[in-house]
Amino acid sequence: MARPAATDAGAVTTGPVFADRHIGPRTDERDKMLAALGLSSLSELVDQALPAGIRMDRPLNLPPALSETEALTALRGLAARNNPLRAMIGLGYHGTVTPSVIRRNVLEDPAWYTAYTPYQPEISQGRLEALLNFQTMVSDLTGLPTAGASLLDEATAVAEAMTVARRATKQGQVLLLDAATLPQTVAVVRTRAVPLGIEVRLADDLGAALAETDAFAVVVQTPAADGCLAPTEELRSLAEAAHAQGALVIAACDLLALTLVTPPGEWGADIAVGSSQRFGVPLFYGGPHAAFMSVRAGLERTLPGRLVGVSRDVHGTAAFRLALQTREQHIRREKATSNICTAQVLLAVAASMYAVYHGPEGLRAIAERVHADTATLAADLDAAGMAPDHTAFFDTLTVAVPGEAAAVVERARRSGVHLRLVDAGRVGISVGEDATAADLDAVRAAFGSDHGGERARRTYGDLSASARTSAYLQHPVFRNHHSETAMLRYLRALSDRDFALDRGMIPLGSCTMKLNATTEMEPISYDGFANLHPLAPAADAEGYAELVSTLEGWLAEVTGYARVSVQPNAGSQGELAGLLAIRGYHESRGDHGRRVCLIPSSAHGTNAASAVMAGMKVVVVKATDDGSVDLDDLRAKIAAHTDDLAAIMVTYPSTHGVFEETITDLCALVHDAGGQVYVDGANLNALLGLAQPGRFGADVSHLNLHKTFCIPHGGGGPGVGPVAVGEHLVPFLPGDPRGGAGDIDEGTVGPVSAAPHGSAGILPISWAYIAMMGSEGLTSATQHALLAANYVAERLGAAYPVLYAGRGGRVAHECILDLRPITKASGVTVDDVAKRLVDHGFHAPTMSFPVPGTLMVEPTESEDLAELDRFVDAMLAIRDEIARVESGEWPADDNPLVNAPHTQGAVTADEWDHPYSRRVGAYPAGLHAGPIYATGHDKYWPPVGRIDGGFGDRHLVCTCPPPESFED
Numbered sequence: 020m021a022r023p024a025a026t027d028a029g030a031v032t033t034g035p036v037f038a039d040r041h042i043g044p045r046t047d048e049r050d051k052m053l054a055a056l057g058l059s060s061l062s063e064l065v066d067q068a069l070p071a072g073i074r075m076d077r078p079l080n081l082p083p084a085l086s087e088t089e090a091l092t093a094l095r096g097l098a099a100r101n102n103p104l105r106a107m108i109g110l111g112y113h114g115t116v117t118p119s120v121i122r123r124n125v126l127e128d129p130a131w132y133t134a135y136t137p138y139q140p141e142i143s144q145g146r147l148e149a150l151l152n153f154q155t156m157v158s159d160l161t162g163l164p165t166a167g168a169s170l171l172d173e174a175t176a177v178a179e180a181m182t183v184a185r186r187a188t189k190q191g192q193v194l195l196l197d198a199a200t201l202p203q204t205v206a207v208v209r210t211r212a213v214p215l216g217i218e219v220r221l222a223d224d225l226g227a228a229l230a231e232t233d234a235f236a237v238v239v240q241t242p243a244a245d246g247c248l249a250p251t252e253e254l255r256s257l258a259e260a261a262h263a264q265g266a267l268v269i270a271a272c273d274l275l276a277l278t279l280v281t282p283p284g285e286w287g288a289d290i291a292v293g294s295s296q297r298f299g300v301p302l303f304y305g306g307p308h309a310a311f312m313s314v315r316a317g318l319e320r321t322l323p324g325r326l327v328g329v330s331r332d333v334h335g336t337a338a339f340r341l342a343l344q345t346r347e348q349h350i351r352r353e354k355a356t357s358n359i360c361t362a363q364v365l366l367a368v369a370a371s372m373y374a375v376y377h378g379p380e381g382l383r384a385i386a387e388r389v390h391a392d393t394a395t396l397a398a399d400l401d402a403a404g405m406a407p408d409h410t411a412f413f414d415t416l417t418v419a420v421p422g423e424a425a426a427v428v429e430r431a432r433r434s435g436v437h438l439r440l441v442d443a444g445r446v447g448i449s450v451g452e453d454a455t456a457a458d459l460d461a462v463r464a465a466f467g468s469d470h471g472g473e474r475a476r477r478t479y480g481d482l483s484a485s486a487r488t489s490a491y492l493q494h495p496v497f498r499n500h501h502s503e504t505a506m507l508r509y510l511r512a513l514s515d516r517d518f519a520l521d522r523g524m525i526p527l528g529s530c531t532m533k534l535n536a537t538t539e540m541e542p543i544s545y546d547g548f549a550n551l552h553p554l555a556p557a558a559d560a561e562g563y564a565e566l567v568s569t570l571e572g573w574l575a576e577v578t579g580y581a582r583v584s585v586q587p588n589a590g591s592q593g594e595l596a597g598l599l600a601i602r603g604y605h606e607s608r609g610d611h612g613r614r615v616c617l618i619p620s621s622a623h624g625t626n627a628a629s630a631v632m633a634g635m636k637v638v639v640v641k642a643t644d645d646g647s648v649d650l651d652d653l654r655a656k657i658a659a660h661t662d663d664l665a666a667i668m669v670t671y672p673s674t675h676g677v678f679e680e681t682i683t684d685l686c687a688l689v690h691d692a693g694g695q696v697y698v699d700g701a702n703l704n705a706l707l708g709l710a711q712p713g714r715f716g717a718d719v720s721h722l723n724l725h726k727t728f729c730i731p732h733g734g735g736g737p738g739v740g741p742v743a744v745g746e747h748l749v750p751f752l753p754g755d756p757r758g759g760a761g762d763i764d765e766g767t768v769g770p771v772s773a774a775p776h777g778s779a780g781i782l783p784i785s786w787a788y789i790a791m792m793g794s795e796g797l798t799s800a801t802q803h804a805l806l807a808a809n810y811v812a813e814r815l816g817a818a819y820p821v822l823y824a825g826r827g828g829r830v831a832h833e834c835i836l837d838l839r840p841i842t843k844a845s846g847v848t849v850d851d852v853a854k855r856l857v858d859h860g861f862h863a864p865t866m867s868f869p870v871p872g873t874l875m876v877e878p879t880e881s882e883d884l885a886e887l888d889r890f891v892d893a894m895l896a897i898r899d900e901i902a903r904v905e906s907g908e909w910p911a912d913d914n915p916l917v918n919a920p921h922t923q924g925a926v927t928a929d930e931w932d933h934p935y936s937r938r939v940g941a942y943p944a945g946l947h948a949g950p951i952y953a954t955g956h957d958k959y960w961p962p963v964g965r966i967d968g969g970f971g972d973r974h975l976v977c978t979c980p981p982p983e984s985f986e987d
């Protein structure tokens with residue numbers, strides 16, 4: 020029997036069963052929470068919290084909500100309309116085989132996909148180790164000493180490498196790009212280069228082009244898009260010539276090929292980038308996939324994104340953490356050279372585990388088989404009179420068939436294989452790990468080859484001029500888990516070290532860690548969604564076309580905008596796309612001087628970084644004492660920039676967790692000055708069904724589908740950051756990356772991601788969420804998100820002052836608890852409270868953002884009253900412990916807070932000389948208080964104690980280390 024719907028007389032009704040499952044509080048629990056606030060209905064709460072001037076006057080225009088069964092049936096139907104043939108199109112996307120043990124125990128395991136970015140390293144040791152494996156894998160295969168914890172896709176990784184090189188060399192404005200670079204990479208790099216004033220030149224002969232220009236970097240694609248594999252000595256000569264001119268060399272490379280050919284670091288590349296997709300990650304119609312970047316010594320502190328390093332905890336135990344965090348955007352802001360604030364953790368974990376499972380010998384065997392199949396196919400086609408363009412290659416052939424290319428591709432398609440139509444006279448073939456003998460025979464038949472008969476054959480695929488001689492993946496982790504039993508246990512051991520949403524509430528402010536329902540997750544594994552190449556013919560992707568069109572329409576409706584593009588594959592890319600749309604709009608009107616972007620002082624750091632990447636100048640607007648944008652200062656800044664104002668970027672509700680009353684006034688002021696209003700959609704979970712940015716004055720927003728629309732955070736990725744725009748900005752939505760190498764015309768915008776629809780493979784999650792919630796369910800979810808935050812604020816306000824509140828003393832969907840007076844009186848810091856919460860079985864709230872010394876709490880609509888009360892009780896218990904420190908009962912340097920979190924090893928040690936008991940340290944809520952999974956015998960034990968971040972930055976170790984690396 021379904022439980023009663025969580026509604027009231029003054030609120031919308033939620034009939035569909037799924038909404039009842041998604042929203043945590045039952046009817047009686049909701050009433051108790053309202054009573055604690057002195058309210059009788061959810062509508063009364065909304066009336067108090069939300070400005071009347073922005074309220075919607077009608078319900079959302081969405082189809083009736085589907086049941087879970089109906090949603091799955093509909094998605095199976097859409098998946099069935101896709102036709103995922105054997106993918107042999109190539110261009111950076113390859114057929115692969117996901118080991119079942121990895122698919123089931125990583126990609127489909129909530130212990131991995133519901134985790135958050137590992138900002139709290141003590142409770143993230145499992146995924147941090149997996150990411151260190153990823154970094155080691157990339158570093159070893161590319162031959163460069165330091166690799167990051169993953170990027171978004173290969174195209175954006177090349178663009179990120181471009182900015183790293185520019186910052187490192189500080190010379191010239193020209194980037195030389197190999198004409199044989201993947202076409203979608205060329206398109207994305209051009210998009211990113213234009214606002215930065217970088218000139219991108221394509222060259223067939225990079226050496227000759229280098230001699231004629233003052234380039235700051237050279238990008239070489241190896242193997243090339245057409246399959247050609249340059250000899251090692253040729254690449255080494257290119258690198259030497261570049262370095263002689265002070266330029267850096269960027270290698271866009273293939274991880275599987277690098278098991279056989281000389282790694283970039285050995286022939287002189289400074290930076291290596293690429294995609295790890297073919298290491299067991301499904302095609303997903305273009306994403307999500309984990310790109311990579313590795314760099315030579317001296318460039319490690321310029322790496323974009325995340326870098327995992329090795330440090331030690333207070334007990335001297337080796338421990339992992341995110342390293343060099345001073346590079347992050349919230350500190351560097353407009354001085355940042357990248358706006359990426361996360362990584363593709365879930366996909367990087369899958370790729371790293373593929374390498375762990377196969378090991379160096381297994382990876383080499385896969386590569387040798389792929390290469391041998393390609394070489395045999397080349398010889399057969401040559402013997403039939405169709406010689407491939409190149410004799411040296413890894414897995415890709417380009418074959419001339421004058422006037423017959425389309426016919427060959429169509430014959431292969433009818434036989435179950437997707438080939439690449441290069442042009443009217445050439446066909447591309449890329450052999451993947453999953454290609455069978457029957458597939459190769461189908462390719463031969465499509466070309467009219469009969470295996471060459473008795474004709475003499477040329478030798479193809481000779482790798483002697485490019486052969487790798489160095490070892491790789493020698494660390495024991497890549498040698499000890501090759502049986503499924505060993506792999507299963509390794510994955511389980513790592514996931515047990517982590518705290519994810521499957522264990523308890525993650526009350527992170529501005530991050531919206533809500534339910535990621537199994538029904539939403541299941542369809543991403545359907546064959547029609549998981550195994551389709553992003554460049555497959557439109558006739559074979561009709562299900563995706565309808566899915567994308569429907570979802571973009573629904574997102575436009577809920578936000579009040581005219582059009583949405585799901586191409587941006589992260590919130591950072593959505594921010595950039597929105598600002599590029601504004602830039603394009605101004606350019607199209609001849610307003611070339613509009614380059615100033617106003618950003619409130621409280622804004623997330625990525626806003627400033629994105630503005631700079633869009634070629635804008637950041638001007639900061641002050642905040643008032645209550646956290647709102649200072650309209651007087653805004654007017655002054657507008658007056659100072661009357662002729663060059665491009666935009667303002669604001670978050671609504673504000674970063675401080677309140678609904679600002681002046682949002683419509685702010686929009687009007689900027690519009691009157693000729694600027695555009697960008698509303699960051701990070702906090703959209705407080706608006707759905709109640710207000711629409713596109714109708715209360717905003718021109719553009721990006722949305723975080725991994726927040727409001729239930730795509731899981733995946734340990735810090737995958738994400739989708741669609742961009743939503745008003746009618747006047749529709750022409751400036753991201754372009755199609757399949758356009759390739761053409762120039763970007765003035766007033767137009769190129770693509771921001773490698774695939775046409777970004778991370779299309781996870782769009783079924785958000786489609787299912789909206790379809791099953793419907794208009795009433797989405798509105799109810801928003802109301803309950805507001806209720807949960809205000810309930811927590813009410814119960815904790817006396818112990819921890821709530822720093823900001825809006826009208827009626829209400830907060831929005833999150834609240835900021837001010838610990839600064841407590842720290843001043845007791846010495847106990849936000850770090851101490853955060854680590855003590857681990858002992859209670861909680862992930863900490865967001866620390867010191869947007870205000871240093873505070874905690875920002877967002878409980879979401881998915882947590883029931885028992886879990887909310889458990890969190891509140893834990894925070895009150897911690898406040899009582901702080902009081903004991905303040906009174907002198909416990910020393911300031913030896914108490915349960917400064918010693919938290921308490922590991923099992925610490926509380927069972929032979930020696931215990933602390934002024935509190937072991938039980939107080941380990942079980943602050945008692946042995947049997949609260950849900951059984953939170954305390955008692957199922958208690959979560961952190962695997963390490965508090966980690967020394969400074970030691971890790973001073974002793975930077977970013978690959979699988981030997982034991983002596985942990986010594987001081």
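Numbered per our numbering, the sequence shown spans residues 20 to 987. Note that the Cβ used here is the ideal one computed from N, Cα and C, for glycine as well. These numbers come from a predicted model, not from an experiment.
Straight-line gap, T395 to D481 (C-alpha atoms, nearest Å): Sequence index remark: in the sequence shown, residue 395 carries index 376 (1-based). Sequence index remark: in the sequence shown, residue 481 carries index 462 (1-based). C-alpha separation (whole angstroms): 12 Å.
V280 versus H660, L254 and N80, residue with shortest Cα-Cα distance: Taking the sequence shown and counting its residues from 1, the one referred to as residue 280 is at position 261. Residue L254 is the option with its Cα nearest to V280.
Determine the closest residue to T625 out of P869, D460, E89 and A443, with distance taken between C-alpha atoms. Taking the sequence shown and counting its residues from 1, the one referred to as residue 625 is at position 606. Ranking the options by Cα distance to T625, first place goes to P869.
Keeping to the same chain, check which residues put their C-beta closer than 6 Å to that of H862; ignore five residues upstream and five downstream. As a working note, residue 862 is residue 843 in the sequence shown. F518 and I525.
On the DSSP bridge assignment, give the partners of C616 in chain order. Position 597 of the sequence shown, counting from 1, holds the residue named residue 616. V637 and A666, per the DSSP bridge assignment.
Contact check, L748 vs Y604, beta carbons under 8 Å: The residue given as residue 748 occupies position 729 in the sequence shown. The residue given as residue 604 occupies position 585 in the sequence shown. Taking 8 Å as the cut-off, the beta carbon of L748 is found closer than this to the beta carbon of Y604.
Return the residue from the list A419, A391 and H390 that minimises the CA-CA distance to G404. By one-based count along the sequence shown, residue 404 stands at place 385. For the residues A419, A391 and H390, the minimum Cα distance to G404 belongs to A419.
For T643, collect the residues of the same chain with a Cβ closer than 7 Å to its Cβ; drop the 5 residues on either side in sequence, then sort them by chain order. Locating residue 643 in the sequence shown gives position 624, counting from the first residue. Excluding residues within five positions, the ones whose Cβ falls inside 7 Å are D649.
Would you mind giving the Cβ-Cβ distance between A174 and S772, rounded to the nearest angstrom? I have them listed as a contact below 8 Å. Within the sequence shown, the letter at position 155 stands for residue 174. Within the sequence shown, the letter at position 753 stands for residue 772. Yes, A174 and S772 are in contact; Cβ-Cβ is about 7 Å, under 8 Å.
Which residues bound the alpha helix (DSSP H) around G969? On the sequence shown, residue 969 is found 950 positions in, with the first residue counted as 1. Run containing G969: G968 to R973, per the alpha helix (DSSP H) assignment.
Do you know whose CA, among D899, S568 and D408, lies nearest P783's CA? Numbered from 1 along the sequence shown, position 764 holds the residue referred to as residue 783. Comparing Cα positions, the closest option is S568.
Can you check whether the CB of Y788 is closer than 8 Å to the CB of A98? Numbered from 1 along the sequence shown, position 79 holds the residue referred to as residue 98. Numbered from 1 along the sequence shown, position 769 holds the residue referred to as residue 788. No, these two residues do not count as a Cβ contact at 8 Å.
Give me the Cβ distance between T136 and H732, rounded to the nearest whole Å; I'm assuming they're in contact under 8 Å. Along the sequence shown, one-based indexing puts residue 136 at 117. Along the sequence shown, one-based indexing puts residue 732 at 713. Their Cβ separation, rounded to whole angstroms, is 7 Å, which keeps T136 and H732 in contact under 8 Å.
Assuming P878 contacts A808 under a Cβ cut-off of 8 Å, what Cβ separation, rounded to an integer in Å, is found between them? Reading the sequence shown from its first residue, position 859 is the one you call residue 878. Reading the sequence shown from its first residue, position 789 is the one you call residue 808. Rounded, the Cβ-Cβ distance is 6 Å, consistent with contact.
Could you please give me the residues that DSSP links to P407 through a beta bridge? For the purposes of this step, residue 407 is taken as the residue at position 388 of the sequence shown. Answer is V418, bridged to P407.
Taking just the CA atoms, how far does P753 sit from L229? As a first step, residue 229 must be located in the sequence shown, where it is residue number 210. As a first step, residue 753 must be located in the sequence shown, where it is residue number 734. Going from the Cα of L229 to the Cα of P753 covers about 31 Å.
Using three-state DSSP, classify T842 as helix, strand or coil. As a first step, residue 842 must be located in the sequence shown, where it is residue number 823. In this structure, T842 counts as helix in the three-state DSSP scheme.
Anyone know if the C-beta pair for L322 and S295 falls short of 8 Å? As a working mapping, residue 322 is identified with position 303 in the sequence shown. As a working mapping, residue 295 is identified with position 276 in the sequence shown. Not a contact, by the Cβ cut-off of 8 Å.
Tell me where the alpha helix (DSSP H) around A687 begins and ends. Working through the sequence shown from its first residue, we reach residue 687 at position 668. A687 -> alpha helix (DSSP H) spans I682 to D691.
Contact defined as beta carbons within less than 8 Å: I believe A362 pairs with G324. What is the distance between those atoms, to the nearest angstrom? One-based indexing of the sequence shown puts residue 362 at position 343. One-based indexing of the sequence shown puts residue 324 at position 305. About 5 Å separates the Cβ atoms of A362 and G324, confirming a contact at the 8 Å cut-off.
Along the alpha helix (DSSP H) that carries I784, what are the first and last residues, could you check? If you number the sequence shown from 1, residue 784 lands on position 765. Residue range L782 to L815 is occupied by the alpha helix (DSSP H) that includes I784.
Determine the DSSP secondary structure at T204, reduced to helix, strand or coil. Looking up residue 204 in the sequence shown gives position 185. T204 falls in the helix class under three-state DSSP.
What are the partner residues of H862, as DSSP defines its beta bridges? In the sequence shown, counting from the first residue as 1, residue 862 sits at position 843. None; H862 has no bridge partner.
Beta-carbon spacing of G284, L163 below 8 Å: Along the sequence shown, one-based indexing puts residue 284 at 265. Along the sequence shown, one-based indexing puts residue 163 at 144. Yes, they are a contact pair.
Which same chain residues end up closer than 7 Å to G467 when comparing Cβ atoms and leaving out the 5 residues on each side of it in sequence? One-based indexing of the sequence shown puts residue 467 at position 448. Closer than 7 Å at Cβ, skipping near neighbours: A403.
Helix, strand or coil at G34 [DSSP, three-state]: Numbered from its first residue, the sequence shown carries residue 34 at position 15. Its pLDDT being 44, under 50, G34 is placed unreliably in this model, and the value from its coordinates should be taken loosely. It is coil, neither helix nor strand.
Straight-line gap, A919 to D858 (C-alpha atoms, nearest Å): Position 900 of the sequence shown, counting from 1, holds the residue named residue 919. Position 839 of the sequence shown, counting from 1, holds the residue named residue 858. Going from the Cα of A919 to the Cα of D858 covers about 7 Å.
The alpha helix (DSSP H) that contains H721, what's its start and end? Taking the first residue of the sequence shown as 1, we reach residue 721 at position 702. Taken as a continuous stretch (DSSP letters only), H721 belongs to no alpha helix (DSSP H), being part of the beta strand (DSSP E) at V719 to L722.
Candidates V876, T842 and G827, of which the one nearest L815 by Cα: The sequence position of residue 815 within the sequence shown is 796, counting from 1. The residue with the shortest Cα to Cα distance from L815 is V876.
At a cut-off of 7 Å, would you count G572 as near the ligand GTP, judging by its Cβ distance to the nearest heavy atom? Summarising the ligand content, the structure contains no ligands, and the ligand GTP is consequently not present.
Can you list, in chain order, the residues of its chain with a C-beta nearer than 7 Å to that of A342? Leave out the 5 residues immediately preceding and following it. Position 323 of the sequence shown, counted from the start, is the residue given in the question as residue 342. Excluding sequence neighbours, A342 sits near L326, V327, G328, G971, D972, L975 and C977.
Taking G700 as part of the beta strand (DSSP E), name the residues at either end of that continuous run. The residue given as residue 700 occupies position 681 in the sequence shown. First-last of the beta strand (DSSP E) with G700: Q695 to G700.
Closest to D414 by CA distance: which of F235, C272, H660 and A369 is it? In the sequence shown, the residue the question calls residue 414 occupies position 395. Minimum Cα distance to D414 is reached at C272.
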